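**Q**
Protein chains: 2
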Amino acid sequence: MAVTTRDRILDTTAELFRRYGYTGTGLKQIVAEAQAPFGSIYHHFPGGKEQLGQEVILRSGGMYQELFETILGASPDIVTGVRNLFEGAAELLRQTDYADACPIATVALEVANSNEPLRMATAEVFEGWIEAGAARFASAGVPGEKARDVAIVLITSLEGAFVLSRAMRDTEPVRVAGEATVVALRAALRDAA
Amino acid sequence: MAVTTRDRILDTTAELFRRYGYTGTGLKQIVAEAQAPFGSIYHHFPGGKEQLGQEVILRSGGMYQELFETILGASPDIVTGVRNLFEGAAELLRQTDYADACPIATVALEVANSNEPLRMATAEVFEGWIEAGAARFASAGVPGEKARDVAIVLITSLEGAFVLSRAMRDTEPVRVAGEATVVALRAALRDAA
DNA sequence: GTCTATAGAAGGATAGAC
DNA sequence: GTCTATCCTTCTATAGAC
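Protein chains in written order, with the working numbering: chain A, 11 to 203; chain B, 11 to 203.
1) CB F147/A to CB I88/A, shorter than 8 Å?
2) Could you pull the start and end residues of the alpha helix (DSSP H) that I67/B belongs to?
3) Curious, which full-length alpha helix (DSSP H) runs of at least 4 residues does the region 74-143 of chain B contain?
4) Taking Cβ positions only, does Y108/B come closer than 8 Å to chain A?
5) Determine, using beta carbons only, whether V152/B and A171/B come nearer to each other than 8 Å.
6) May I have the straight-line CA-CA distance separating A10/B from I67/B, to the nearest angstrom?
7) What residues from chain B crowd round S70/A, counting only those whose CB sits closer than 7 Å?
8) Given a threshold of 16 other Cβ atoms within 10 Å of its Cβ, counted over all protein chains shown, does I107/B qualify as buried or as exposed?
9) Just the Cα atoms here: how many angstroms apart are A59/B and T132/B?
10) Taking G34/A as the query, report the chain B residues whose CB atoms sit under 7 Å from its CB, ordered along the chain.
11) Got a sec: is the Cβ-Cβ distance from E169/B to anything in chain A below 8 Å?
12) Which residue marks the beginning of the alpha helix (DSSP H) containing D159/B, and which one marks its end?
13) Output yes or no for whether 8 Å exceeds the beta carbon distance between E43/A and L20/A.
14) Taking the alpha carbon of L101/B as the reference point, which residue from G188/B, A142/B, H54/B has its own alpha carbon closest?
15) Can you list the residues of chain A that L103/B reaches, using a CB-CB cut of under 9 Å?
16) For chain B, is any of its Cβ atoms less than 8 Å away from the one on V193/A?
17) What is the C-beta distance between L119/B and A99/A, in whole angstroms, given that I count them as a contact (C-beta under 8 Å)?
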């Protein structure tokens with residue numbers, strides 16, 4: 011079949027991590043949902059839960075980055091792209107009962123002071139997002155020294171808005187944070203002129 | 011003594027939640043660190059871990075709000091106050107090995123789609139922070155309809171910056187988010203003139 | 001190699017001694 | 001009422017049957 015057991019485990023784990031976090035997701039829960047025998051986890055991931063977590067973090071981070079790129083690439087200009095990104099996130103939240111937000115933020119907070127290998131994986135993802143965002147903003151006309159800052163503002167705004175929107179079950183924080191990010195981006199673009 | 015067993019349990023739990031999250035913190039771990047017998051948890055919190063979690067969330071939220079008010083109240087003007095708030099957060103992160111950030115964000119993400127009573131507690135805290143911030147910005151001269159938005163920008167920026175800074179072990183996200191929040195606040199204040 | 005059964009530790013919760 | 005001992009479940013991980 012097109013999807014291997016290994017991929018099914020990775021996909022299922024990513025989904026469960028997003029909803030229940032790292033410590034809140036059990037290996038038995040994963041294999042049950044992925045319709046795989048328990049032993050297949052240790053067959054495909056000899057390092058156990060930690061190895062599985064690492065791969066899920068890096069993989070989800072990469073997929074989310076591709077989603078960013080797709081949305082921004084499909085927009086006529088960078089300002090519209092950023093606006094579409096936040097509006098799409100708000101809509102997706104609403105449609106998924108406020109579950110479908112950042113795939114790694116919950117895990118990132120859980121492991122930041124308790125699991126160094128996993129913390130490093132989340133840091134690697136965030137750093138990758140920042141660099142990708144900075145490159146895109148720079149090529150859109152944001153001055154070099156400002157491009158990284160704008161990328162950080164975008165990502166921190168979105169992450170923080172996810173925290174509040176998921177807790178409050180309201181898209182308001184995502185919408186407001188999106189507007190603020192657009193304003194910050196416009197200001198940075200003005201500096202270039 | 012000045013501090014009761016109940017308070018010691020609440021303080022200890024708040025600290026452990028911040029570091030390990032809700033599911034990552036065990037009741038046995040709590041009583042061990044609080045130097046209390048195991049039974050005292052169910053004596054003081056008959057509702058078990060969930061009741062304890064609820065009280066910790068609301069209490070930590072209130073204490074953090076007081077901290078906001080203290081910092082903003084001690085600053086000569088609102089812009090300086092917001093700057094001090096982010097700078098203080100960055101310094102505290104650095105000093106505490108990037109553990110001392112938002113006391114409830116980790117729990118908020120963990121429970122958002124898995125524990126409705128606890129989700130409501132986190133939502134109550136965030137809504138309280140937004141309203142307190144909006145009131146303060148309004149009295150500082152931000153037009154009424156903008157005051158709530160600025161408060162949301164402040165809180166989402168800080169929360170998102172905490173996620174990145176803790177994961178990356180770098181204060182850069184908090185500092186950049188702080189600058190952006192100051193810029194947004196200044197723009198809102200200009201609208202009033 | 002795929003899968004089941006189970007080990008050994010830790011989880012939350014409770015009963016009852018004192 | 002304070003505290004201890006224990007219950008039952010669930011956790012990660014492993015051993016070994018097929």
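Each residue gets a CB set at the ideal place from its N, CA and C atoms; glycine is no exception. It should be emphasised that the depicted structure is a prediction, and the values quoted were computed from it without experimental measurement.
**A** To lay it out plainly:
1) Inclusion of F147/A and I88/A in the CB contact set at 8 Å is warranted, their separation being smaller than that value.
2) 58-83
3) 88-105, 115-121
4) At least one beta carbon of chain A lies nearer than 8 Å to the beta carbon of Y108/B.
5) no
6) Nothing in the structure corresponds to residue 10/B, since chain B is present only between 11 and 203.
7) The contacting residues do not exist; S70/A stays about 14 Å from chain B at best.
8) A small correction: the amino acid at residue 107/B is Asp; Ile does not occupy that position in the sequence shown. Per the 10 Å Cβ criterion, exposed.
9) In the sequence on display, residue 59/B carries Lys and not Ala. Each residue's Cα considered, the two are about 16 Å apart.
10) Those within 7 Å of G34/A in chain B are T33, E120, S124.
11) At a cut-off of 8 Å between beta-carbon atoms, E169/B makes contact with chain A.
12) First-last of the alpha helix (DSSP H) with D159/B: 154-178.
13) Annotated as distal: E43/A and L20/A, with beta-carbon spacing of 8 Å or more.
14) Reading the sequence as shown, one finds Glu at residue 101/B and not Leu. Measuring from the Cα of E101/B, the nearest candidate turns out to be G188/B.
15) None at all; the shortest Cβ gap to chain A is about 10 Å.
16) yes
17) Going by Cβ atoms, the distance from L119/B to A99/A rounds to 15 Å, so no, they are not a contact pair.
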